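For reference, the structure is listed below as structure tokens.
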Amino acid sequence: MKHFAVVQHSYSEFLGIVESQLEKRDIGFSYFRVFLSGELPGNALTFDALFLLGGPMSPLESDRYTWLTQELNTIAIFRKAKRPVVGFGLGALLLAQYEGAELHPEPYHNAYFTTAHATEAGRDDPLAQAVDGARVMVWSPGTATLPEDIKPLVVDDDGRWIAFRAEDGVVGLLFRPEMKPGLIEDILMEEGRETPGNIGELLEQARALWPEMQKTTDRVIIAMVRELSLMTEKRKPRVFSLKVDTGADV
């Protein structure tokens with residue numbers, strides 16, 4: 001059975017509507033709630049892919065959240081093992097940081113709806129084409145300037161990148177395919193959580209666009225399955241059962 005490692009950065013932000021898409025494809029997943037325990041997957045070979053979810057903290061706050069630096073090491077482990085890596089929001093910024101992007105703390109709450117536009121680099125890309133012309137929600141703690149050798153697959157109405165592919169099997173999305181109105185409501189209820197000033201507007205738009213958002217997420221998952229070979233189970237270490245021979249006659 002295919003099995004993904006999923007790094008969660010806050011109580012409220014999980015796979016959301018992506019969960020049902022994975023379950024329909026017989027894909028299991030394990031959450032690593034790094035914000036609670038600091039635990040991260042230590043061995044990429046036991047998983048078929050790594051998902052890095054959104055979160056409220058900036059990658060630049062590694063002095064406060066020390067596991068952010070460790071998470072970059074986790075990305076390196078999965079990349080070395082040739083496992084697909086997908087980042088949403090904060091996860092996309094961490095992937096960009098790993099690639100050498102310049103991170104920017106402002107706007108700290110980079111949250112808005114926009115129309116997705118496939119770039120020339122995304123002309124033949126399944127993921128870029130899946131969202132081209134669709135209304136999507138961008139939500140990330142800050143922004144990043146990508147290295148010159150990484151061309152955006154998708155940009156927003158103002159030409160700012162919202163999706164990139166570093167290499168085959170590695171995709172970062174500032175737009176959030178897992179988002180749903182209920183998840184935004186959970187974020188609003190999370191104790192001590194700072195939220196964007198426009199979160200009420202975001203929730204209202206999400207409710208109005210919910211049928212369209214579900215269809216967009218369906219297309220995104222289908223595209224990622226194709227592009228990242230997420231349905232291909234990776235070779236995993238064999239598990240051996242050890243029996244001790246005492247030499248006694250039975």
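Under the UniProt record's numbering, read the sequence shown as residues 1 to 250, first letter to last.
Note that the Cβ used here is the ideal one computed from N, Cα and C, for glycine as well.
It should be emphasised that the depicted structure is a prediction, and the values quoted were computed from it without experimental measurement.
Boundaries of the alpha helix (DSSP H) around Thr74: 67-80.
In this structure, Val171 and Leu228 form a Cβ contact; the two beta carbons are roughly 7 Å apart against a cut-off of 8 Å. If you compare the alpha carbons of Ala208, Glu194, Gly197 with that of Gly182, the shortest gap goes to Ala208. Counting C-beta pairs with one atom in each stretch, the segment 195-209 and the segment 118-131 have fewer than three that are closer than 8 Å, which means they do not touch.
Scanning its chain for C-beta atoms nearer than 7 Å, with the 5 sequence neighbours on each side dropped, one finds around Ile17 the residues Glu178, Lys180, Gln214, Thr217, in chain order. Annotation: the segment 213-237 contains no complete segment of the alpha helix (DSSP H) (minimum length 4 residues). Within the same chain, Cβ atoms closer than 7 Å to the Cβ of Leu127 are found at Leu153, Ala163, Val171, Val220, Ala223, Met224, Glu227, the five residues on either side in sequence being excluded. Between the alpha carbons of Val6 and Phe14 lies a gap of roughly 9 Å. Straight-line measurement puts the Cα of Gly159 at about 34 Å from the Cα of Phe29. Counting along the chain, Met137 sits inside the beta strand (DSSP E) bounded by residues 135-140.
Under the DSSP assignment, Glu120 falls outside any beta strand (DSSP E); it carries neither an H nor an E label. Counting only residues of its own chain and dropping the five nearest sequence neighbours on each side, Leu72 has a CB closer than 6 Å to the CB of Tyr98.
Counting the other Cβ atoms within 10 Å of the Cβ of Gly200 gives fewer than 16, which makes it exposed.
Following the DSSP letters along the chain, one finds Lys24 inside the alpha helix (DSSP H) bounded by residues 18-24. Counting of Cβ neighbours within 10 angstroms places Gly38 among the exposed residues, the total staying below 16. In terms of CA proximity to Thr114, Trp161 leads the group Asp124, Trp161, Leu36, Glu190. Around the Cβ of Ala96, a 10 Å sphere holds 16 or more other Cβ atoms; the residue is buried. Exposure of Gly100 is indicated by the presence of fewer than 16 other C-beta atoms within 10 angstroms of its C-beta.
In the DSSP assignment, Leu153 falls within the unbroken beta strand (DSSP E) covering 152-155. DSSP, read as helix, strand or coil, puts Leu60 in coil.
Between the alpha carbons of Leu188 and Ala92 lies a distance of about 22 Å. With respect to the C-alpha of Ala111, the residue from Pro84, Gly142, Glu23, Arg83 having the closest C-alpha is Gly142.
Sequence-distant Cβ neighbours of Gln70 in its own chain, meaning closer than 7 Å and more than five residues away, are Leu40. Around the beta carbon of Leu36, a 10 Å sphere encloses fewer than 16 other beta carbons of the protein chains shown; the residue is thus reported as exposed.
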